[in-house]
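**Q** Mapping of the sequence shown onto this note's numbering: residues 598 to 710, in sequence order. Virtual Cβ for every residue (Gly too), placed ideally from N, Cα, C.
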Amino acid sequence: NTLRVYNATDDVERPSSAWDEYQVMHLDQMSLARLDFVKIDAEQMELSVLVGAQRMIKKFKPVLFIEYRSPWEKETSVLDFLRQKLRYECVLLRIPVFNMGNYRSFSEDIWGG
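#1: Would the beta-carbon of Q641 fall within 8 Å of that of L683?
#2: In terms of residues, what are the limits of the alpha helix (DSSP H) holding F657?
#3: At which residues does the beta strand (DSSP E) containing L661 begin and terminate?
#4: Tell me, which residues are paired with I707 by DSSP?
#5: Can you tell me whether L629 is buried or exposed, with buried defined as 16 or more other CB within 10 angstroms of its CB?
#6: Secondary structure at F678, three-state DSSP: helix, strand or coil?
#7: Just to check my reading of the structure: F678 and P659 have Cβ atoms closer than 8 Å, yes? What is that Cβ distance to the nearest angstrom?
#8: How about I637 and E664: do their beta carbons lie closer than 8 Å?
#9: Taking the continuous beta strand (DSSP E) assigned at V635, which residues delimit it?
#10: Select from V688, A639 and G709 the residue whose C-alpha is nearest the C-alpha of M697.
#11: Going straight from the alpha carbon of K656 to that of L632, what length do you get?
Rendered as structure tokens:
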């Protein structure tokens with residue numbers, strides 16, 4: 598499997614003018630002796646990541662930290678999968694999107710927070 602990424606912005610080390618391809622593998626394809634923590638920031642592909650890691654998650658029961666855009670959206674497949682299939686308890690952690698001490702010292706909160 599490959600992941601295709603196109604980045605035409607100039608705020609990265611190497612902006613691209615074409616699609617970059619990266620090899621990807623399911624977490625379940627890895628041979629791990631231990632798994633304590635998994636952070637998922639998959640831009641609305643969280644469910645795919647969880648499905649590809651469910652064997653390891655069931656085996657090791659790691660803490661899962663998932664960036665989830667809006668838990669109040671009608672689309673609840675990620676939360677349903679976590680609760681029903683993986684038997685996880687879900688806790689909402691609200692973190693402000695804008696950080697005044699950001700790397701580029703931008704003062705405008707474009708997210709309207």
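**A** Quick answer:
#1: In the sequence shown, the residue the question calls residue 641 occupies position 44. In the sequence shown, the residue the question calls residue 683 occupies position 86. No, Cβ-Cβ distance for Q641 and L683 is not below 8 Å.
#2: Locating residue 657 in the sequence shown gives position 60, counting from the first residue. Segment Q651 to F657, the alpha helix (DSSP H) holding F657.
#3: For the purposes of this step, residue 661 is taken as residue 64 along the sequence shown, with counting starting at 1. Looking at the DSSP string, the run of the beta strand (DSSP E) that includes L661 is V660 to I663.
#4: Your numbering for residue 707 matches position 110 in the sequence shown. Paired residues: none, contrary to the question.
#5: Here residue 629 refers to the residue found at position 32 of the sequence shown. With fewer than 16 other Cβ atoms within 10 Å, it is exposed.
#6: Translated into positions along the sequence shown, residue 678 becomes position 81. Looking at F678 - three-state DSSP - the assignment turns out to be helix.
#7: As a first step, residue 678 must be located in the sequence shown, where it is residue number 81. As a first step, residue 659 must be located in the sequence shown, where it is residue number 62. The Cβ separation is near 15 Å, so there is no contact.
#8: Looking up residue 637 in the sequence shown gives position 40. Looking up residue 664 in the sequence shown gives position 67. Yes, the Cβ-Cβ distance between I637 and E664 is below 8 Å.
#9: In the sequence shown, the residue the question calls residue 635 occupies position 38. Segment F634 to I637, the beta strand (DSSP E) holding V635.
#10: As a working note, residue 697 is residue 100 in the sequence shown. Checking every option, the nearest Cα to that of M697 belongs to G709.
#11: For the purposes of this step, residue 656 is taken as residue 59 along the sequence shown, with counting starting at 1. For the purposes of this step, residue 632 is taken as residue 35 along the sequence shown, with counting starting at 1. Straight-line Cα distance between these residues: approximately 9 Å.
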